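Undergrad: Take this structure, written in structure tokens, and hold onto it; I'll ask about it next.
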Amino acid sequence: MSAGDTAFTYRHNTLFAEDVALHDIARQHGTPCYVYSKTALTSAYRGFAAAFAPHAHLICYAVKANPNLAILNLFAKLGSGFDIVSGGEMARVIAAGGDPGKIVFSGVGKTETEIRDALNAGILCFNVESPSELERINRIAGELNKVAPVSLRVNPDVDAKTHPYIATGLKENKFGVAYGDALALYRRARDLKNLKIDGIDCHIGSQLTEVAPFSAAVERVLALVHALNSDGIELAHIDLGGGLGIQYEPEEAPCSIEEYAAAILKGVAGRKETLMFEPGRYLVGDAGVLLTRVEYLKRGEDRNFAIVDAAMNDLMRPALYQAWHDIVPVDSRPNALEAWEIVGPVCESGDFLGRGRKLALKEGDLLAIRSAGAYGMSMSSNYNTRARAAEVMVDGANAHLIRKRETLSALYANEIVPK
Ligand code: LLP
Numbered sequence: 285m286s287a288g289d290t291a292f293t294y295r296h297n298t299l300f301a302e303d304v305a306l307h308d309i310a311r312q313h314g315t316p317c318y319v320y321s322k323t324a325l326t327s328a329y330r331g332f333a334a335a336f337a338p339h340a341h342l343i344c345y346a347v348k349a350n351p352n353l354a355i356l357n358l359f360a361k362l363g364s365g366f367d368i369v370s371g372g373e374m375a376r377v378i379a380a381g382g383d384p385g386k387i388v389f390s391g392v393g394k395t396e397t398e399i400r401d402a403l404n405a406g407i408l409c410f411n412v413e414s415p416s417e418l419e420r421i422n423r424i425a426g427e428l429n430k431v432a433p434v435s436l437r438v439n440p441d442v443d444a445k446t447h448p449y450i451a452t453g454l455k456e457n458k459f460g461v462a463y464g465d466a467l468a469l470y471r472r473a474r475d476l477k478n479l480k481i482d483g484i485d486c487h488i489g490s491q492l493t494e495v496a497p498f499s500a501a502v503e504r505v506l507a508l509v510h511a512l513n514s515d516g517i518e519l520a521h522i523d524l525g526g527g528l529g530i531q532y533e534p535e536e537a538p539c540s541i542e543e544y545a546a547a548i549l550k551g552v553a554g555r556k557e558t559l560m561f562e563p564g565r566y567l568v569g570d571a572g573v574l575l576t577r578v579e580y581l582k583r584g585e586d587r588n589f590a591i592v593d594a595a596m597n598d599l600m601r602p603a604l605y606q607a608w609h610d611i612v613p614v615d616s617r618p619n620a621l622e623a624w625e626i627v628g629p630v631c632e633s634g635d636f637l638g639r640g641r642k643l644a645l646k647e648g649d650l651l652a653i654r655s656a657g658a659y660g661m662s663m664s665s666n667y668n669t670r671a672r673a674a675e676v677m678v679d680g681a682n683a684h685l686i687r688k689r690e691t692l693s694a695l696y697a698n699e700i701v702p703k
């Protein structure tokens with residue numbers, strides 16, 4: 285059972301987030317609204333940490349999954365580090381009270397400014413993704429009179445068996461340094477005097493549901509570590525990226541954190557390097573729901589549409605990846621179920637949140653779209669000039685507003701009509 289399953293439960297047929305009725309949140313903050321459970325976030329983090337307790341490790345939460353300051357602050361307090369992919373994410377981590385000394389910086393396109401700012405902030409490590417980037421970091425570190433800690437993100441050429449848009453560890457993907465080139469690039473890094481080799485890194489994809497690709501990646505990375513050691517290059521850490529999946533569909537059975545940890549710990553048995561991880565989805569996905577209200581029920585010749593006030597701009601995953609999210613009524617009634625297309629108001633046929641969902645609906649009903657804590661708000665946009673949703677974090681009987689709903693005037697505040 286996931287942390288989210290225990291945090292979002294029905295009491296007297298109405299859905300609660302911890303001890304707060306979702307109805308009350310909708311009344312106070314309006315819809316659409318993201319609602320997160322602090323308990324679920326905390327227990328996902330603690331569960332991950334407990335699974336790897338036998339080996340020295342650092343969890344670097346992948347900020348892109350959900351970058352709200354309140355969430356970053358919570359993880360920072362729990363001891364987490366952070367995996368960032370932009371200067372913007374670094375600014376958020378620091379604003380939220382995160383420790384720059386626990387930041388790893390991934391991404392294929394780090395700009396000069398981002399590298400300089402990260403060096404000045406004193407981050408833990410750059411996950412370098414190309415020879416040109418390695419040279420650039422060395423040059424900038426030299427200009428600043430600093431030594432940059434680096435790790436090479438190697439592409440282990442392992443099939444993550446996930447959606448093609450979120451697989452990153454194949455030769456055809458833009459990520460990382462080709463496996464066969466890694467040794468030579470490490471030797472180059474050793475010769476550059478403003479770099480310090482700190483580790484090795486890989487990330488093969490997201491929403492992985494099987495253990496085997498992770499085991500294969502560990503094996504490939506360790507083979508390189510052995511080769512590096514024979515070459516006299518010692519590493520302080522091995523970063524295995526993120527990617528552990530969560531259960532979106534009832535019939536899916538993603539591998540558990542225990543199975544995942546067991547496979548990895550077996551692979552690294554006897555190694556002294558600190559293990560690092562960059563989980564995003566696993567820590568936040570099940571801890572959030574998107575609360576939305578049914579505006580209209582529209583019966584068509586072919587299908588019935590439930591038009592809700594959330595749309596693809598709020599939760600892009602169904603439109604972009606044909607992702608399936610469970611959609612449940614906030615008030616569960618014993619009425620007859622009908623199949624509904626759950627769609628938003630955006631002018632695109634791809635604007636659906638769920639298709640053919642069996643629900644008993646009436647106009648004005650509240651729905652909760654589950655497992656929306658990861659890559660929900662973080663991928664939202666203002667398409668159709670829609671203000672981004674409010675975000676609320678529930679802690680026991682308290683519901684804290686952690687992001688105000690955007691105001692419409694703010695959406696065009698930066699626009700200029702030439703005189
Ligand atoms: N580390 C790196 C270098 C990454 O690129 C990612 C995700 C992570 C860690 C975290 O992966 P996670 O543990 O969350 O699987 N928007 C997509 C997911 C894109 C993931 C991109 N990289 C979705 O909604 O499914």
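Taking the working numbering, the leading residue of the sequence shown gets 285, the next gets one more, and so forth.
Yeah, the Cβ is synthetic: ideal placement off N, Cα and C, and Gly gets one too.
Here the structure is a predicted model, which means the values were calculated and not measured.
1) In the DSSP assignment, what residue or residues form a beta bridge with P613?
2) Using a threshold of 7 Å, is the CB atom of G564 nearer than that to any non-hydrogen atom of the ligand LLP?
3) Just how far apart, CA to CA, sit G314 and L575?
4) Assign G464 to buried or exposed, taking buried as 16 or more other Cβ atoms, counted over all protein chains shown, within 10 Å of its Cβ.
5) Which residues in the same chain as A346 place their Cβ atom closer than 6 Å to its Cβ, once the five residues preceding and following it in sequence are excluded?
6) Buried or exposed for R617, going by 16 or more other Cβ atoms inside 10 Å?
7) If you reduce the DSSP assignment to three classes, tell me which class V505 lands in.
8) Looking only at its chain, what residues have a beta carbon closer than 6 Å to the beta carbon of N422, apart from the 5 residues adjacent to it on each side?
9) For the ligand LLP, is there a heavy atom less than 7 Å away from the beta-carbon of Q606?
10) Which term fits K556, buried or exposed, when burial requires 16 or more other beta carbons within 10 angstroms of its beta carbon?
11) For A340, name the three-state secondary structure that DSSP assigns.
12) Can we count H487 as close to the ligand LLP, meaning its CB is less than 7 Å from some heavy atom?
13) Could you check which residue in L362, H510 and G426 has the C-alpha nearest to that of I343?
14) If you scan the stretch 474 to 536 from start to end, which runs of the beta strand (DSSP E) of 3 or more residues do you find wholly inside it?
15) Rounded to whole angstroms, what's the CA-CA distance from I387 to L650? Just pull it up for me.
16) Inspect the beta-carbon positions of A511 and L469 and report whether they are closer than 8 Å.
17) Looking at the unbroken alpha helix (DSSP H) that takes in I399, where does it start and where does it end?
18) In terms of alpha-carbon separation, which member of T290, D289, A305 and R295 lies closest to V676?
19) Please return the same chain residues whose Cβ sits closer than 7 Å to the Cβ of R639, not counting the five positions on each side in sequence.
20) Tell me where the alpha helix (DSSP H) around F236 begins and ends.
21) Could you give the distance in angstroms between the alpha-carbon of R601 and the alpha-carbon of D441?
22) Put H684 into one of helix, strand or coil per three-state DSSP.
23) Using a threshold of 7 Å, is the CB atom of Q491 nearer than that to any non-hydrogen atom of the ligand LLP?
24) Any idea if I700 is buried or exposed, counting beta-carbon neighbours within 10 angstroms, 16 or more meaning buried?
25) To the nearest angstrom, how far is the alpha carbon of K394 from that of E535?
26) Under the criterion of a Cβ to heavy atom distance below 7 Å, does S540 qualify as lining the ligand LLP?
27) Would you say the beta carbon of M661 comes nearer than 7 Å to a heavy atom of the ligand LLP?
28) How would you call L508, buried or exposed, if buried means at least 16 neighbouring beta carbons within 10 angstroms?
29) Sort out for me which residues DSSP pairs I591 with in a bridge.
30) Quick one, which of R641, A340, A451 and G381 has its alpha-carbon nearest F589's?
31) Check whether the Cβ of K556 sits closer than 7 Å to any heavy atom of the ligand LLP, and report yes or no.
32) Just mark P702 as buried or exposed, buried being the case when its beta carbon has 16 or more other beta carbons within 10 Å.
33) Between the C-alpha atoms of D289 and E542, what's the straight-line distance to the nearest angstrom?
TA: Let me spell this out:
1) Mapped onto the sequence shown, residue 613 falls at position 329. L651.
2) Translated into positions along the sequence shown, residue 564 becomes position 280. Indeed, a heavy atom of the ligand LLP lies less than 7 Å from the Cβ.
3) Taking the first residue of the sequence shown as position 1, residue 314 is located at position 30. Taking the first residue of the sequence shown as position 1, residue 575 is located at position 291. Cα to Cα, the separation comes out at about 9 Å.
4) Position 180 of the sequence shown, counting from 1, holds the residue named residue 464. Counting Cβ neighbours within 10 Å, G464 comes out exposed, since fewer than 16 surround it.
5) Position 62 of the sequence shown holds residue 346. Shown here for A346: same chain residues with a beta carbon closer than 6 Å to its own, the five before and five after excluded, namely D367, G526, E562 and G564 in chain order.
6) As a working mapping, residue 617 is identified with position 333 in the sequence shown. Classified as exposed, R617 has fewer than 16 neighbouring CB atoms from the shown chains inside 10 Å of its CB.
7) Here residue 505 is taken as the residue at index 221 of the sequence shown, counted from 1. Residue state, collapsed to three classes: helix.
8) By one-based count along the sequence shown, residue 422 stands at place 138. If we look at N422 and ignore the five residues flanking it on each side, its Cβ neighbours are L476, N478 and L479.
9) Translated into positions along the sequence shown, residue 606 becomes position 322. No.
10) Your numbering for residue 556 matches position 272 in the sequence shown. It is exposed - the Cβ of K556 has fewer than 16 other Cβ atoms within 10 Å.
11) On the sequence shown, residue 340 is found 56 positions in, with the first residue counted as 1. It is coil, neither helix nor strand.
12) As a first step, residue 487 is located in the sequence shown; it is residue number 203 there, counting from the start. Yes - the ligand LLP has a heavy atom lying nearer than 7 Å to the Cβ of H487.
13) Taking the first residue of the sequence shown as 1, we reach residue 343 at position 59. Among L362, H510 and G426, the Cα nearest to that of I343 belongs to L362.
14) 479 to 485 and 521 to 523
15) Walking along the sequence shown from the start, residue 387 turns up at place 103. Walking along the sequence shown from the start, residue 650 turns up at place 366. About 39 Å.
16) Residue 511 sits at position 227 when you count from the first residue of the sequence shown. Residue 469 sits at position 185 when you count from the first residue of the sequence shown. No, they are not a contact pair.
17) Walking along the sequence shown from the start, residue 399 turns up at place 115. In this chain, the alpha helix (DSSP H) harbouring I399 covers E396 to A405.
18) If you number the sequence shown from 1, residue 676 lands on position 392. Closest by alpha carbon: A305.
19) Taking the sequence shown and counting its residues from 1, the one referred to as residue 639 is at position 355. So the qualifying residues of the chain are E625.
20) Residue 236 lies beyond the range of the chain shown here (285 to 703); nothing can be said about it.
21) Position 317 of the sequence shown holds residue 601. Position 157 of the sequence shown holds residue 441. Cα to Cα, R601 sits roughly 26 Å from D441.
22) Reading the sequence shown from its first residue, position 400 is the one you call residue 684. Residue state, collapsed to three classes: strand.
23) Indexing the sequence shown from 1 puts residue 491 at position 207. Yes.
24) By 1-based counting over the sequence shown, the position of residue 700 is 416. Burial call: exposed.
25) Looking up residue 394 in the sequence shown gives position 110. Looking up residue 535 in the sequence shown gives position 251. Taking the straight line from one Cα to the other gives about 40 Å.
26) Here residue 540 corresponds to residue number 256 of the sequence shown, with the count starting at 1. S540 Cβ: outside cutoff for every heavy atom of the ligand LLP.
27) Against the sequence shown, residue 661 aligns to sequence position 377. Outside the cutoff, so no.
28) To locate residue 508, count along the sequence shown from 1; it is residue 224. Label assigned to L508: buried.
29) Position 307 of the sequence shown, counted from the first residue, corresponds to residue 591. Y580 and V627.
30) The residue you call residue 589 lines up with position 305 of the sequence shown. The candidate whose alpha carbon is nearest that of F589 is R641.
31) Here residue 556 is taken as the residue at index 272 of the sequence shown, counted from 1. Result no, Cβ not under 7 Å from the ligand LLP.
32) In the sequence shown, the residue the question calls residue 702 occupies position 418. Its Cβ having fewer than 16 others within 10 Å, P702 is exposed.
33) Your numbering for residue 289 matches position 5 in the sequence shown. Your numbering for residue 542 matches position 258 in the sequence shown. Near 18 Å, if we compare the C-alpha coordinates of E542 and D289.
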